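What follows is a single structure, written as structure tokens, with notes after it.
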Amino acid sequence: MSIEIIPLGAGKEVGRSCILVKMAGRTVMFDCGVHMGYDDERRYPYFSYLGNTTDYTPLIDVVLITHFHLDHCGALPYFTEMKGYNGPVIMSAPTRAIIPLMLDDFRKVCVEHKGETNFYTQEQIKECISKVRTIELHQTLTIGDINIRAYYAGHVLGAVMYYVECRGHSVVYTGDYNVVGDRHLRSAWIERLDPHVVISESTYATKFRELKMRREKVFLKKVMQTIDRGGKVLIPVFALGRAQELCILLDTYWQRAQLECAVHFAGTLTEKANQLYKTFINWCNENVQRVFLSRNMFDFQHITQFDRGTIKTKDPMVLIATPGMLHGGLSLAVFKEWCEDSRNTIIIPGYCVPGTVGHTLLKGADVVHIDGKEYDVRCEIQTISFSAHSDHRGILQVLRWVHPDNVVLVHGEEERMRGLSLEVQNSLSVPCYYPGNQEKLVIHCDVLTKLNIEYPLLNAHKQQYHQNFVSELFGEGKSGEISGFVYQDWIQESTLLFGCEINASIDEVREKIAGEVLDMVKIEEQTKGMLMITWESEKDALVASHFTCFEKSS
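Using the numbering used here, read the sequence shown as starting at -8 and increasing by one per residue.
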């Protein structure tokens, strides 16, 4: 038995997350994103790996979207409406509500501002979203024989991790996650699942982030230093997630310090996003929910809508603008106006992929070229990480808890992935891989085939079953009894005690049972005439064995 994993994107890179997983004759696609560093067809995942066809529906059983960031969902309308996939698409309710806003905003930037032609339309976005089915946290959703469960990822509003099981094969796909709660979201949570494979993001594979309180202190200090020297602060963010986190921080600080300097957020998208936070307040942390009883924390008292006519104003201000990587939109337009004034500061709070202006600035460039024009970077560039990705410690914490047999790293830079891979293998003693795009990884695994025979049914007929089993295996006239079933965590043990000498050898017993259950049970001869047969199971069900299939008449 094996599980195949093929990154169509996010293999040794950050961007266009799209991971194919093939197991038990089924194919699951995790995420369907775009690469923000490209302005052409290269932005999309390598769908050509699936073949040159206009109908991908027979090739993919289900698409699972973890959250609304474009590098995880931006190619979804392209795949469903332009590439011909018409199968199930699953995501959380907040993600389904937010994605149309993100996709349409992205479309406007690419089509209306940059003039691209081979792009999905507003109507195609609507058609795509109409096909989406939502999943609740901890709900098990079944698509054919594929069982899907979602867990809270803590990355952005509505972000989930997925546990997928099919015919005994099991995979956890984390998407992006954060094990440290922030001012508006809880930390990630998932059960100890013991899957065959965990596919984990590795954005900050080898980085250790500062404590949240220290980051906030450094951030506020830098903002105030810029204002005091008469400068302006530009904070490029994506419309949801860090935007709300930083708005809460600034609004709270402005209230306590009674400051008068203008703080703005830009764009109707952020305003709509704040309304969505109110709608899905149950996804926020306890503090936000508690405050919500008296006032809405997202009704900011000291932050107002930005007027583009004030870009050239000489007065100090703080502006939170999209997008986060300075690859287009208002944040890039403001950067071009403000970057040559040494009094100003650009604070970059998140990860920027190669190919974006944000990434160029983080590399220390003194000059940037945008649309054929050269800009001198005289303003101060600061990176203060408010990224909602887990760092090195957080990734290891999740992997250690989930307890997989194998780890696959995606959504990271190759050199850092290599370092984390060695750490995983040394500290967790499990194989760790980081395949590139279109590189097929085959992981062999032991699989238990579940029959889901309820315990009461087995208990009521166990003596009849046992006699039939003994007669079939050892001949008529033999007898014995079952000692019962013992629950030990997630293991059930059944001991067969025979009141006569067993003529068959232990190897013959193994061969008889293994021929029916694919070697999925452990058989040990405890003493002469006593066999211990052990198999894994859920607490209300038995697993994969011919000798549990005795009830044929019911």
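Yeah, the Cβ is synthetic: ideal placement off N, Cα and C, and Gly gets one too.
Computed from a prediction, not measured in an experiment: that's the story for all the values here.
Asked	Found
Tell me GLY385's beta-bridge partners as DSSP assigns them.	Note: GLY385 sits in no beta bridge, so no partner.
Between GLU(-5), ALA264, THR301, PHE110, which has its C-alpha nearest GLY65's C-alpha?	PHE110
Between which two residues does the beta strand (DSSP E) containing MET308 stretch?	308 to 312
Between the region 362 to 369 and the region 157 to 170, do three or more beta carbon pairs fall short of 8 Å?	no
Distance, Cα to Cα, ILE337 vs HIS187?	44 Å
Which complete beta strand (DSSP E) runs does the region 64 to 111 hold, if anything under 3 residues is left out?	80 to 82
Rounded to whole angstroms, what is the Cα-Cα separation between PRO447 and ARG98?	Because the pLDDT at PRO447 is just 47, under 50, the model does not fix this residue reliably, and the value given afterwards should be weighed accordingly. The straight-line gap from Cα to Cα measures roughly 56 Å.
Applying the 10 Å Cβ sphere with the 16-neighbour rule, what's the burial state of ASN278?	exposed
What are the residues that DSSP puts in a beta bridge with SER(-7)?	HIS435
Does the separation of the CB atoms of PRO340 and ARG233 fall below 7 Å?	yes
Given that a residue counts as buried once 16 or more other Cβ atoms are within 10 Å of its Cβ, and exposed if not, what is LYS441?	At LYS441 the pLDDT is 44, less than 50, meaning the model places this residue with poor confidence and gives no usable figure here.
Please decide whether ARG183 counts as near chain C, where near means a Cβ-Cβ distance under 7 Å.	Looking for chain C here will not work: only one protein chain is present.
What residues in its chain sit with their C-beta under 6 Å from that of GLN115, if we drop five residues either side in the sequence?	PRO68, GLU72
State the DSSP-derived secondary structure class of LYS352, mapped to helix, strand or coil.	Note that residue 352 is Leu in the sequence shown, not Lys. Helix at LEU352.
Since ALA264 contacts LEU231 with CB under 8 Å, what's their CB separation in whole angstroms?	5 Å
Pull the bridge partners of PRO227 from the DSSP assignment, please.	ALA312
Run through DSSP, which three-state label would THR546 get?	Summary: the structure shown does not reach residue 546, with the chain confined to residues -8 through 545, and so no result is reported for it.
Check this for me: beta carbons of GLY28 and GLY355, under 7 Å apart or not?	no
According to DSSP, ILE137 sits in a beta bridge with which residue or residues?	ILE134, CYS157
Can the beta-carbon of ASN169 be found closer than 7 Å to that of SER381?	yes
Between VAL282, VAL325, THR44, which lies nearest to PHE297 when the distance is taken from Cα to Cα?	VAL325
Applying the 10 Å Cβ sphere with the 16-neighbour rule, what's the burial state of GLN292?	exposed
Give me the DSSP bridge partner(s) of ASP367.	VAL358
Is TYR244 helix, strand or coil when you go by DSSP?	helix
Measure the CB-CB distance between THR243 and GLY166 and report whether it falls below 7 Å.	no
Only counting the same chain, and skipping five residues up and downstream in sequence, which positions put a Cβ closer than 6 Å to that of ILE120?	PRO91
Can you tell me where the beta strand (DSSP E) holding LEU400 begins and where it ends?	397 to 401
For LEU237, count the other beta carbons within 10 Å of its own beta carbon; 16 or more makes it buried, fewer makes it exposed. Which is it?	buried
Taking TYR342 as the reference, give the member of LEU317, SER333, SER322 with the closest Cα.	LEU317
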